[in-house]
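Inspection log for the structure reproduced underneath, given as structure tokens.
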Amino acid sequence: MSSTEYITSTWIPKAAAAALGVGALLYWLNTQSVNINEVTTAFASLPFAVIVFIELLDKYADVSKMYSKIIPAGTTNYLIKTVITAIIAFIAVLYATMGTITLSSGSITVPTVISAAVCSLYILAPETGDDELLLYIYLGATVATFGANITLLPPIPGIPGLG
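The working numbering puts the sequence shown at residues 233 to 395.
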């Protein structure tokens, strides 16, 4: 694939999807009452294994032909493939953070949604696979909270101490 083909078929759709996602997140945040302390605590509360998983998924998404494995061959719409990957990551981060996916009102907090959205938008963003930016955000949030929320593994139902 030439650099021009890459830019028009992969980079621009991923950049557009990431920009639209960030715009939608910021628009939604304008309607919420949340402070930076809550968001920092939510990031610091993410299990370390989830951060490593998102970083590996991002590297895999940027380096390999992951999108052709998610959507059948012959589909050339990278934007759809990217959005599907981001939705999967969003749901996975919510599950890993909460231990369950429930849609009852009040069960998912705004900071949890913000942290899950940032993780999924990180995967959407082009050319992030060679930098560990999400890890740096996580480490910064952990330092800011003095390590009070460090968790290595997400809650796993049925395993004592993790569910």
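The beta carbon of each residue, even a glycine, is placed where N, CA and C say it ideally should be.
What does a CB cutoff of less than 7 Å around residue i pick up in its chain, not counting 5 residues either side in sequence?
i	result
Leu367	Ile283 and Glu287
Ala328	Pro279, Val282 and Pro386
Please determine, among the options, the residue with the shortest C-alpha to C-alpha distance to residue i.
i	options	result
Ala324	Phe285, Val342 and Lys291	Phe285
Ser352	Leu371, Met330 and Leu326	Leu326
Ile316	Leu356, Met330, Ser235 and Tyr259	Leu356
Asp290	Ala328, Thr273, Leu258 and Ala321	Ala321
Leu257	Gly361, Val350, Ala247 and Pro358	Val350
Trp243	Leu261, Ala328 and Thr360	Thr360
Asp362	Ile340, Ala293, Ala247 and Thr236	Ala293
Met330	Ile312, Pro358, Gly379 and Pro386	Pro386
Please go through the same chain and pick out, in chain order, the residues whose beta-carbon is closer than 6 Å to the beta-carbon of residue i, but skip the five residues on each side of it.
i	result
Ala276	Ala373, Thr374, Thr377 and Asn381
Thr307	With a pLDDT of 47 at Thr307, under the threshold of 50, the predicted position of this residue should be treated as unreliable, and no value is reported.
Ala318	Ser352, Ile355 and Leu356
Thr341	none
Gly255	none
Going by beta carbon distance, what residues of the same chain come within less than 8 Å of residue i, once the five residues before and after it are set aside?
i	result
Thr383	Ser277, Leu278, Pro279 and Phe280
Val271	Pro343, Ile346 and Ser347
Tyr370	Phe275, Ala276, Leu278, Phe280 and Ile283
Along the alpha helix (DSSP H) that carries residue i, what are the first and last residues, could you check?
i	result
Gly361	Where Gly361 is concerned, there is no enclosing alpha helix (DSSP H), given that its DSSP letter is neither H nor E.
Ile382	Ile382 -> no alpha helix (DSSP H), and no H or E assigned at all.
Trp260	Ile244 to Leu261
Val266	Careful: Val266 lies outside any alpha helix (DSSP H) and carries neither H nor E.
Ile346	Val342 to Leu356
Thr377	Where Thr377 is concerned, there is no enclosing alpha helix (DSSP H), given that its DSSP letter is neither H nor E.
If you measure from the CB of residue i, is any heavy atom of the ligand COA nearer than 8 Å?
i	result
Thr273	Ligands displayed in this structure: none; no statement on the ligand COA is therefore possible.
(message) So, does the region 346-365 touch the region 255-274, judging by three or more C-beta pairs under 8 Å?
(response) yes
(request) Check whether the region 365-380 touches the region 241-260, taking contact to mean three or more Cβ pairs, one atom from each stretch, closer than 8 Å. (result) no
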